[in-house]
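Residue numbers (this note's numbering): 289 to 696.
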Ligand code: NIG
Ligand code: FE
């Protein structure tokens, strides 16, 4: 089955096969082609070129009517499997409490863990799928989902089984991260909980093959560099690839320990010094920033420009979760990248597509317009240019969203 998209004003996000991420000056470039067609064969991008060369033998033709074509967003950092909401804490925050104060009062992550404990697997799946569908409607085609509201063996496994079910039933590409070390579970001592994660939960997760990645909230008041070292070592023994939450609340040493363990990404980075930037030079690790939590918690935005100037790549993700970023809108993330972090629209596009796909370990499969990649594609309404997307950041812009070549 061949589908041809015709009358495309401009294709953006064209990347040669084999390029898995962009760094430094490469962040300033994206392949573009004006007045173009794009051919999809089955679930793959098969060809693209100037309209004058459009093939005549496709089964269906879709008229882009002068819209742009771009790769679907990739969201490399979410916590969308959770039960209920935490709007009471939203009010606490408005009334002046900080994220740390809410957590210390037993709210925050532990509040979500209590609700998750009381919620059945089926109900958790139903609520989570609603969020996934909302994200897909907004243009996201690949999603990383973390555990971390279980905080005891059975509940962590429950979350990861829900993620597996989402992976089997939704058209977006899903990857799972075990984040047992998100907070110390109720009833455990700190050391006792770290041992539980390393000695009981990680082996159980690996036995059922429920996760691709292992993550730790390495930050002030949560887990130390030593805890993180231990947990990542245990995870790696079971084939889990490290990712890290670092430097959200304080300069935590999380970046350095992530690089030491060849983490695929280090995420948050609201509080970054030059040492973190230095530590990331020549690493395989993708610095990932989450402007949604900066926006919602009133934290500084990451120093994305400085990273790029230092020759590094930057990925942007939503951090969709009930406490620090209750939104999975990657177009808004892209807009904040431009408005608050002063990225150009091309840099921001690279950050929300190819580089976030890299941080998800799937940039050989999605994240760009590349022949052979999965046809995860947004066809926009008529727009002057890519810059219109972050500029008119509230105006609906998606005309069609195709995942694996199928309109959703
Ligand atoms: O990435 N920082 C740690 N974890 C989440 C927040 C989780 C929550 O508050 O429920 C984050 O911001
Ligand atoms: Fe997070």
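Backbone N, C-alpha and C define an ideal beta-carbon position, used for all residues, glycine too.
Query	Result
CA-to-CA distance, residue 523 to residue 422, given in whole angstroms	32 Å
Best match in 366, 478, 540 for proximity to residue 433 [C-alpha to C-alpha]	366
Local conformation of residue 624 per DSSP, three classes	helix
Backbone CA spacing between residue 643 and residue 340 [nearest angstrom]	32 Å
Proximity test, residue 607 beta-carbon vs ligand 2 heavy atom, cut-off 7 Å	yes
Nearest-angstrom Cβ-Cβ length linking residue 659 and residue 334, presumed shorter than 8 Å	7 Å
Check: residue 611 C-beta below 7 Å from any heavy atom of ligand 1	yes
Cβ-based neighbour list, residue 368, same chain, cut-off 7 Å, excluding 5 preceding and 5 following	416, 419, 420, 433, 608, 616
Three-state secondary structure (DSSP) of residue 405	helix
Environment of residue 497 [buried if 16+ CB atoms lie within 10 Å]	exposed
Residue 397 CB to nearest heavy atom of ligand 1 below 7 Å	yes
Expected contact under 8 Å - CB spacing of residue 588 and residue 582 to nearest Å	6 Å
Same chain only: Cβ atoms within 8 Å of residue 500, ignoring 5 sequence neighbours per side	463, 464, 465, 528, 529, 649
Cβ neighbours of residue 695 in the same chain (closer than 6 Å, five flanking residues each side left out)	688
Simplified DSSP assignment, three categories, for residue 461	strand
Beta-carbon gap between residue 637 and residue 674 smaller than 8 Å	yes
Boundaries (first-last residue) of the beta strand (DSSP E) holding residue 553	553-556
Of the residues 427, 471, 541, 354, the one placed nearest residue 436, counting alpha carbons only	471
Beta-carbon contacts of residue 289 that lie in its chain and below 7 Å, excluding the five residues immediately before and after	330, 347
Cβ-Cβ distance between residue 560 and residue 541 below 8 Å	no
Cβ contact (3+ pairs, closer than 8 Å) linking the stretch 599-614 and the stretch 290-297	no
Cβ-Cβ separation, residue 459 to residue 692 (assumed contact under 8 Å), whole Å	6 Å
Nearest-angstrom beta carbon gap, residue 526 and residue 494 [assumed within contact, 8 Å]	4 Å
Buried or exposed (CB count within 10 angstroms, at least 16 for buried), residue 343	exposed
Where the alpha helix (DSSP H) containing residue 355 begins and where it ends	Careful: residue 355 lies outside any alpha helix (DSSP H), inside the beta strand (DSSP E) at 355-359.
Spatial distance of residue 430 from residue 486 (CA atoms)	28 Å
Close beta carbons around residue 612, own chain, < 7 Å, minus the five adjacent residues each side	387, 581, 584, 585
Contact test: residue 536 Cβ vs ligand 1 heavy atom, cutoff 7 Å	yes
Three-way DSSP call (helix, strand, coil) for residue 503 in this model	strand
Sheet register partners of residue 530 (DSSP bridge)	502
Residue 595, enclosing alpha helix (DSSP H) - first and last residue	592-597
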